[in-house]
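What follows is a short report on a single structure.
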């Protein structure tokens, strides 16, 4: 029996009830797929670093299936009664966990935590951000630690490096010389179950966007677009996502007030996956104005829900533009608001039906899980 340890951020095992961002959402999908289609001869132990708002019993081994178990641990704690930095505590937990479960293969969604894996164990990392790419600046010391020091210490600890997009792959190659393999993120099947044709829409044409509230996500651009639209027609904007930058949120509130569209803009805060899907079902067009994405999960989820989507060229949308366009997408330049407004009007008035099946074929959880299972076999020498 091959013992595979997976180290991942995870908010809940009540799938979709909590969502702490893209990586948490991805890991939830991968675990669900793993439960339904595990590889015979493999036992999977998941060390889940708790994120999100939901509660979980720490250090309790949850049985998800005969082959899959999850243990939640906090991201910070003490060693021998002494408080230590979070990354040291996490590496310590990883080392103990690998030894306790006699790991043959470790798959981590944190490159730095491979520092905690004993040297004799085969190691794989999935990179969701690297350096400044895909990462929000926290502080000078934190940025130095996570963008320079930890990557330099851990870059040679992985036997296999995967990443979620071509831009990340190129960035990793340029800075480390490592040739990572691209394995895409999966799309939550909850969104494919939305039948936008049968859902009663909001009375006023409604655009919906979904992102963590910080500057790189371009929420201010979406607000400018909606303000321009409201000069000739009434349009609403629904903004889904948790606040990660409170100063930026205050700027957005002031922008909305200044533009006189307070009645047309709604912030929902963080929602469960089913609640997000419900909002997509009621909306008319998806809008995504992010400046940078390592993958770009949200606009694909909108298409999966049957929405036509207007988006900037970021992440996998820029890497596979024809797939996005064929599925019901259209591109805008966030620096040209007037042209973006015209594109939104065109999509509102003239767009055909979205093609969610194209997204399902390319980014199903089963397909992504199968790629990871093959890599586990290769690392284990099976």
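In UniProt numbering, the protein residues as written are 1 to 382.
Ideal Cβ placement from N, Cα and C applies to all residues, glycine included.
All values reported here derive from a predicted model rather than from experimental measurement.
Taking all protein chains in view, the Cβ of residue 172 is crowded by 16 or more other Cβ atoms within 10 Å, so the residue is classified as buried. Contact check for residue 315 and residue 295: beta-carbon distance about 5 angstroms, within the 8 angstroms limit, so the pair qualifies. One Cα belongs to residue 306, the other to residue 85, and the distance between them is close to 44 angstroms. Secondary structure note for residue 257: its alpha helix (DSSP H) is the uninterrupted segment 246 to 259. Across the set 263, 359, 130 and 34, the C-alpha of 34 shows the shortest separation from the C-alpha of residue 63. Secondary structure at residue 223: helix, using DSSP grouped into helix, strand and coil.
Collapsing the DSSP output to three states places residue 279 in a helix. With fewer than three CB-CB distances shorter than 8 angstroms, the stretch 124 to 132 does not count as touching the stretch 37 to 46. Residue 256 holds the alpha-carbon nearest to the alpha-carbon of residue 227 among 256, 269, 185 and 239. Put simply, of 124, 291 and 329 the residue whose alpha carbon is nearest the alpha carbon of residue 350 is 329. Under DSSP, residue 262 shares a beta bridge with no residue. Assignment of residue 312 by DSSP, reduced to helix, strand and coil, places it in the coil class.
Annotated three-state conformation of residue 130 is strand, per DSSP.
Take the alpha-carbon of residue 309 and the one of residue 77: they are about 43 angstroms apart.
With fewer than three CB-CB distances shorter than 8 angstroms, the stretch 278 to 297 does not count as touching the stretch 53 to 67. Apart from sequence neighbours up to five positions away, the residues of its chain that approach residue 216 with a beta-carbon distance below 8 angstroms are 136, 290, 291 and 292, ordered along the chain. Under DSSP, residue 122 forms a beta bridge with 105.
Residue state for residue 194 is assigned as coil, using DSSP reduced to three classes. Shown here for residue 20: same chain residues with a beta carbon closer than 6 angstroms to its own, the five before and five after excluded, namely 11, 51 and 52 in chain order. Taking all protein chains in view, the Cβ of residue 224 is crowded by 16 or more other Cβ atoms within 10 Å, so the residue is classified as buried.
For residue 286, the number of other beta carbons within 10 angstroms of its own is at least 16, and it is reported as buried.
Taking a contact as a CB-CB distance under 8 angstroms, the pair residue 252 and residue 220 counts as one, their CB atoms being some 6 angstroms apart.
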